[in-house]
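The structure appears right after this line, and notes come after that.
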RNA sequence: GCGGGCGUGGUGGAAUCGGUAGACACGCUGGCCUUAGGAGCCGGUGGCCCUGAGCCGUGCGGGUUCGAGUCCCGCCGCCCGCACCA
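Here it is in structure tokens:
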């Protein structure tokens, strides 16, 4: 009978076995019982919207390969799954259709679950979570209360990002190029009272601890840049008329003597107070209003001409007593430093531009010039010329103070800072770019914030035993500048847990990034209904040994999750400073060179691919089409190629099994295991066994933390090619001869090895073929070990070079000495041909590799 | 502007420590088998003069070295992140 690889029959059969036996379930009790090392393998949880796409397929194909590989190395592997199921797409859909977001979300979750099963991903479904379900968000609320207790939650009024399309505020991290991350709408700045998490308290630790984790360098760099640590000084400027101090942050206290004016951000709380009742008031008010209503992108453009208004007030420069005019200007950001700056136009491009626009003095206090002096100008004169300003480099101070003039500016920097500190006019300080995390959203489909507002007691956190605060059902999901929850009056009206008086519930909901900042903790103890987790259990699993996901979360999710772990560890309910010890960021799969999108019509549906070629082909292809951390373009021909390879491997294994392996009839295995390592293989059989061990070595190395899955698959392809060639030779032999019997034994062994090595990528095929060959379950088998005796050879191909160019190749004994190799090289006729008429100057011998003859 | 990454056949990519460039696959192509095949099997495939022990070849130009895709210097191009951050 003809053997045909039929994934549509093979795959459901094994999926059923794994589901029936709960094969991938790990019990926390087993952690202590079997002594196996716990390993936590995790892919970023999906946001359930519609059906999974090929990006999900790639993510879980990678993660599953890691999970399988670790299991077969004898580890106890935790590999869970869940859903990030609160969020705007479901809510926007609800606004459009009137259908409750829960319904679309649950439908999508069902689709994801079905497809994950059809992909054969080895998930412990007993630990599944979904962030929109009360048994999960009850604990999100509990964490919020712990953070509140620890002083890490604040409700305060601030200039925040308002997305006019989503009608909600957004965190800094969710504003890209001045536009809302999801809506793409230009974001407005609004002064609003909002909930913040004090992530800035952790800025230094979030920065420092990056050094100890195995993350891609570019992701760490992005986080470092986002945290944005700057060393500098806090300097106090005094306004005499109002007797008020204004602080600035500067990284360049060495240029303090060059300050000629002072600028405040339009959002600065004192701007209007400074001009109140003066003749500048109207103009300043108009300017501030314009600045506040302008969108961020427009205001943030670096090439925008500088604008501002004189406040009619002055501050005193603490180092020299000079009176500096005060301005309001939108190039100063309230977000950074103190929202006010000392302006040094001689040594800062932006201040220089502003000075030019408003006719303010420009003063040089450091000698030097950027770039080269113009033709005909003496470079020395140019370095002190005002025409060479602004100058942003280093050099000796000039026109500052007799004590500092001539001092290199970097030395003067610390000296001036020390002097300021002595005078009580400033001090050395560190400033971070990182802002506190704005977590409240004026939207419906999110986790309710567990506090009430009481007329008598103010803001009151709910007692933990009143959790969860359930999200009520509402009629109208449309936001109207406030949370749609505010319309649920019966729900809003409540009593104060402290005084029993009337109170109203908080109607904002939490940013969904709060939900996903701790889900990996819940997985470790997912069915615990008395606590968010049991630290004794969770600390055993944490940190996640290998985290896998898209690089788009490099800042948002990955920074927030790190913050949560540090805060929860400080609070004492966790012992894991870092959530993810190792991170792998997968590249995007594009189609025709472009990001897949429904509007472009260039999507590839995993479901269709799985129907046509099977899950194993789809999974193996997405890791084979290039290094998994790089972007790669989808090609249907590529899937067909991988499908051909798997078909061939399965056929070879199935045929070899019939000729001496186990027999499978309707899923029942009979016959003796027949794929053992042959005793003493000879000739081509030995070559095949050697190739098998070469492949074991190669695949093990490529999988072990290297994520070189494409080359691992290629190695199995190579083995399969050699295997196929040997099979073609053996099939020609008289089956009764010892040669044929030995040949089939080698073929069966090599087939079983190939199948075993491909198992992390193609688990169904591997289970099926391995059972046919051996009667055993491949996923229960230890990972194969390469044996030295098959990796080593008696002879190797010695490369012979003359002048560094390859001229010949000869066989040489493996243990040959340098002298012997040199003799072999010089004996080569081809080499000799290139030596004629020349003198041998030197012979370089690389044992085991090559000989290079250098002539003159 | 600052930070990070990348540039190899017609295509995706390989080359682990400075040592055989192009593994593996796609595509193309010759053949076998076949009533037929969009199935399977065997072979070829960097370029050039196609004569050889041939010459050239990893974005470009230099350099170090017996030897450079790999290291160094200077360019060019592409991608990503941040960006009026004081």
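In our numbering, the protein residues as written are 48 to 903. Note that the Cβ used here is the ideal one computed from N, Cα and C, for glycine as well.
query, result
"Are the segment 123-141 and the segment 829-839 touching, with three or more C-beta to C-beta distances below 8 Å?", "no"
"Taking the alpha-carbon positions, what's the residue 632 to residue 317 distance?", "45 Å"
"Using a Cβ-Cβ cut-off of 7 Å (strictly less than) and excluding sequence neighbours within five positions of residue 809, which residues of its own chain qualify?", "663, 666, 667 and 693"
"How about residue 487 and residue 193: are their beta carbons less than 8 Å apart?", "no"
"Note down the Cα distance separating residue 326 from residue 314, rounded to an integer number of angstroms.", "20 Å"
"Let's see if you can read the secondary structure: which residues bound the beta strand (DSSP E) around residue 505?", "505-508"
"Count the other C-beta atoms from every protein chain shown that fall within 10 angstroms of the C-beta of residue 51, then say buried if there are 16 or more, exposed otherwise.", "exposed"
"Do residue 371 and residue 320 count as a contact pair if the criterion is CB distance below 8 Å?", "no"
"Would you mind giving the Cβ-Cβ distance between residue 898 and residue 872, rounded to the nearest angstrom? I have them listed as a contact below 8 Å.", "4 Å"
"From residue 469 to residue 463, what does the alpha carbon distance come to, in whole angstroms?", "10 Å"
"Could you check the C-alpha separation between residue 569 and residue 75 for me, to the nearest Å?", "13 Å"
"Nearest by alpha-carbon distance to residue 496: which of 115, 695, 812 and 202 is it?", "202"
"Tell me, please, whether the segment 112-131 touches the segment 159-171 by the rule of three or more beta-carbon pairs shorter than 8 Å.", "yes"
"Thinking residue 259 and residue 629 are a contact (beta carbons under 8 Å), I'd like their distance in whole angstroms, please.", "In fact, because the Cβ distance is near 11 Å, the residues do not count as touching under 8 Å."
"Let me know the secondary structure DSSP gives residue 50 once reduced to three states.", "coil"
"What first and last residue would you give for the alpha helix (DSSP H) that runs through residue 905?", "Limits of the chain in this structure are 48 at one end and 903 at the other, which puts residue 905 out of reach."
"Run the CB neighbour count on residue 865, radius 10 Å, all protein chains shown included, and call it buried at 16 or more, exposed below.", "exposed"
"Residue 116 to residue 813, Cα distance in whole Å?", "13 Å"
"Can you check which of these residues, 765, 598, 727 and 731, is closest to residue 741 by C-alpha distance?", "765"
"Answer yes or no: do residue 412 and residue 302 have a C-beta to C-beta separation smaller than 8 Å?", "yes"
"Name the residue from 450, 460, 434 and 449 whose alpha carbon lies nearest to the alpha carbon of residue 442.", "460"
"Closest by CA to residue 905, which one among 245, 420 and 456?", "The structure shown does not extend to residue 905, since the chain is modelled only from 48 through 903, so no value can be given for it."
"Under 6 Å Cβ to Cβ from residue 48, same chain only, skipping five residues before and after it: list those, please.", "Annotation note: pLDDT 45 at residue 48 (below 50); position unreliable, no value reported."
"Is the beta carbon of residue 657 closer than 8 Å to that of residue 273?", "no"
"Does the distance from the C-beta atom of residue 660 to that of residue 54 stay below 8 Å?", "yes"
"Ignoring anything shorter than 4 residues, give me the alpha helix (DSSP H) runs that lie fully in the segment 754-796, in order along the chain.", "756-777"
"Given residue 743, which residues of its chain have a CB within under 8 Å of its CB, disregarding the five upstream and five downstream residues?", "800, 804, 831, 832 and 833"
"Which partner residues does residue 487 have in the DSSP bridge list?", "557"
"Rounded to whole angstroms, what's the CA-CA distance from residue 614 to residue 237? Just pull it up for me.", "29 Å"
"Check residue 126 in the structure and name its three-state DSSP category.", "coil"
"Which residues does DSSP pair with residue 285 in a beta bridge?", "292 and 363"
"Touch check for the segment 544-554 and the segment 54-73: three-plus C-beta pairs under 8 Å?", "no"
"In the DSSP assignment, find the beta strand (DSSP E) that holds residue 501 and state where it starts and stops.", "498-501"
"Can you tell which of 196, 574 and 608 has its C-alpha closest to the C-alpha of residue 484?", "608"
"Is the Cβ-Cβ distance between residue 88 and residue 592 less than 8 Å?", "yes"
"Name the two residues that bound the continuous beta strand (DSSP E) containing residue 904.", "There is simply no residue 904 to check, as the chain begins at 48 and stops at 903 in what is shown."
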